[in-house]
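Contents: one structure, followed by commentary.
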Amino acid sequence: MLAAMPQPPSAASRDEPVIRERGDACPGALRLHAADDGFLARVRVPGGLLTVRQASVLALAADRFGDGHLELTSRGNVQLRGLADGCGAGLAELLDGAGLLPAPSHERVRNIVATPLSGLDGPDGPDRPDALAWALEFDRQLCASPWAAALSGRFLFAFDDGRGDVAALGPDVTVLGRPDGRALVRLGRAADAVELAGPDAPRAALTAARYFLDAAAEAGTQAWRVSELPAEHALRTTEFGRRLDAAGIAATPAGPVDWPYAAPPKPSGAGGPDRATLCVLPPLGRLGSAQWRVLTQVADEGSGELRVTPWRSVILPAAGAHGAARIEDAGLVLAPDSPWESVTACTGRPGCAKSRADVRADARAVADRARGPLPVHWSGCERRCGHPRGTAWVDLVATGSGYRLAAPGRPVRDDVRPSELAAALADARTDPDVVKK
529 MLAAMPQPPS
539 AASRDEPVIR
549 ERGDACPGAL
559 RLHAADDGFL
569 ARVRVPGGLL
579 TVRQASVLAL
589 AADRFGDGHL
599 ELTSRGNVQL
609 RGLADGCGAG
619 LAELLDGAGL
629 LPAPSHERVR
639 NIVATPLSGL
649 DGPDGPDRPD
659 ALAWALEFDR
669 QLCASPWAAA
679 LSGRFLFAFD
689 DGRGDVAALG
699 PDVTVLGRPD
709 GRALVRLGRA
719 ADAVELAGPD
729 APRAALTAAR
739 YFLDAAAEAG
749 TQAWRVSELP
759 AEHALRTTEF
769 GRRLDAAGIA
779 ATPAGPVDWP
789 YAAPPKPSGA
799 GGPDRATLCV
809 LPPLGRLGSA
819 QWRVLTQVAD
829 EGSGELRVTP
839 WRSVILPAAG
849 AHGAARIEDA
859 GLVLAPDSPW
869 ESVTACTGRP
879 GCAKSRADVR
889 ADARAVADRA
899 RGPLPVHWSG
909 CERRCGHPRG
919 TAWVDLVATG
929 SGYRLAAPGR
939 PVRDDVRPSE
949 LAAALADART
959 DPDVVKK
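Residue numbers (the numbering used here): 529 to 965.
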C-alpha cells in the first residue's frame, strides 16, 4: 500500500504555515512564462484526454509558434516551449478553435487527472467506474463556476477508478471509485473520507474546492494547496459533510481508509492481433512534432483519442495492427524494459536560467548503464520541478560540479562527479532494502 512506501528524498513536513505576499504565477496557455529559450505555454488537458483534432492543433502550434517540440508534464498536460514574443493572441486563437480553451478565465485551474486506463480493461477486467467520464463532467462544472477561477494553477483534482494510480499523486481533492457505483472523496492527505453515490462525485469535488477557497480566505495566507493551510484552518471531513448535505448530496463518513496503490502503466504494445491499447513513452517526456503526428495518425486509425498520463506517457486505445511498429520507428518507446522507463528530468540548461546543468543530456549519457527498479528524477536546481509523486524515487540535483544523489534508506552523496554517475545511479536504483518494500 502507498502508506508503507518510503517518502521522496525532498519530502518535508510543514511545521509552520506557508505565508505568501504574491499571487500564483503558474504558466498557462494565456499567461506565458518567460524562459531562457523563449516563452512557455502550458495547455491544460483535463483527464489527459485529447481528440485527434486537438492533438493535431498542438503539433501545429509547436511548429508555428514554438521550437517544434511538445513536452508532457507530471499532471498530464502539454507544454510548448521556445515561443516567440508576441505570439500569445495567435496561439490563443488556434487553441480556442480546437476547444482547448473552453473557459479562458479558468484555463490555469483545470488541473484534473484521471486513471488513464479507465474503461480499457476489457470485459474480463474489474468492474470499475468510468473515471474519465467523472473528470470531464467535473471540468464542465468547474468551468461553469465563476468563483472557481480563484483557485491556484497548482491545485490538483484526481479521479481514480479505484485501482489507486492517480490517487497516489498527492491531489488536493481525490475521488476514488468503489464497488456498486459508489465513490470516496478525500480532502488533501486526510486519513478519512466521505462516501457517496458515484454520479454525485463531480459535484462533491466542486464543493470541496469551494470549501478550500473559503478556508484559504479566512486564513489570509494565500495558500495555494490544501496542505498549505494553517492547522487552525485545515479542512475537516465533518464540515465537508455538512456542506455536502447543504448542497443536497447524500454522504456518509468513511472513517480511516486503506487507500489502494497501483503503479503507473508500463510502456506496452500488447493486445490482440488487430487492435491493442498502446502505452507510449517518449524519452524524458519530450517529442518532436513529427513524432507527435505519428501518435495522432495511429490514434486516428483507432479510437480517435489520445490519453496523456501524469507519468509523461500517452495511451492510445484500440490502435491498429501496424501502429506499434510505426511508433517505434519514430523513436518512441513501447518496450517495458526500456532504459527510459521511470526516468524523468526538469528542463535544465539551456532552457532554464536557474539550472546548473544540462540534465537531459546527462540523463541520456548514462540511461542505458543506470537501469533499476526505482524511478529517478534529474533536477537542475533545488526546486526539483516535475519530480515524481506517490512513490519512492532517486533524487539527482545538479551542484555545478556534479550531482547530489539521495535515495530512500541511503546516506546522501553530496558531489557525485560525472564519471561516477552511471555506477552510482545504478546502485541507488536497485537498493534491495527499498525495492522489496
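We treat Cβ as the ideally placed atom computed from N, Cα and C, and that holds for glycine.
- For the pair of segments examined, the stretch 611-620 was found not to touch the stretch 853-863: the number of CB pairs separated by less than 8 angstroms stays below three.
- Straight across, the Cα-Cα distance linking Leu586 with Arg656 is about 31 angstroms.
- When the Cα atoms are used, Cys807 and Gly748 turn out to be separated by approximately 44 angstroms.
- In this structure, the CA atom of Ser602 is about 29 angstroms from the CA atom of His850.
- According to DSSP, Arg714 shares a beta bridge with Thr702.
- When Cβ pairs closer than 8 angstroms are counted between the two stretches, the stretch 623-639 is seen to touch the stretch 559-575, the count reaching three or more.
- The distance from the Cβ of Thr872 to that of Leu812 is about 7 angstroms, consistent with a contact at the 8 angstroms cut-off.
- DSSP, read as helix, strand or coil, puts Pro845 in strand.
- Counting only the Cα atoms, Glu910 lies some 9 angstroms from Ser883.
- A direct Cα-Cα distance of roughly 27 angstroms separates Arg691 from Ala583.
- One thing to note: Ala920 has its Cβ within 8 angstroms of the Cβ of Leu902.
- The C-beta separation of Ala926 from Ser907 comes to about 7 angstroms, placing the pair in contact by the 8 angstroms criterion.
- Ala661 is positioned such that its CB atom lies no closer than 8 angstroms to that of Val701.
- Per DSSP, reduced to three states, the secondary structure at Asp658 is coil, with no helix or strand assignment.
- Under the three-state reduction of DSSP output, Pro903 falls in the coil class, being neither helix nor strand.
- Cα atoms of Arg559 and Ala569: separation of roughly 7 angstroms, rounded to the nearest angstrom.
- According to the DSSP secondary-structure assignment, Leu933 is paired through a beta bridge with Leu924 and Arg941.
- In the three-state reduction of the DSSP assignment, Thr579 falls in the strand class.
- Cβ contact annotation for Ser866 (same chain, cutoff 7 angstroms, sequence separation greater than five): Pro795 and Leu809, in chain order.
- Per DSSP, the unbroken beta strand (DSSP E) holding Ala725 starts and ends at Val722 to Ala725.
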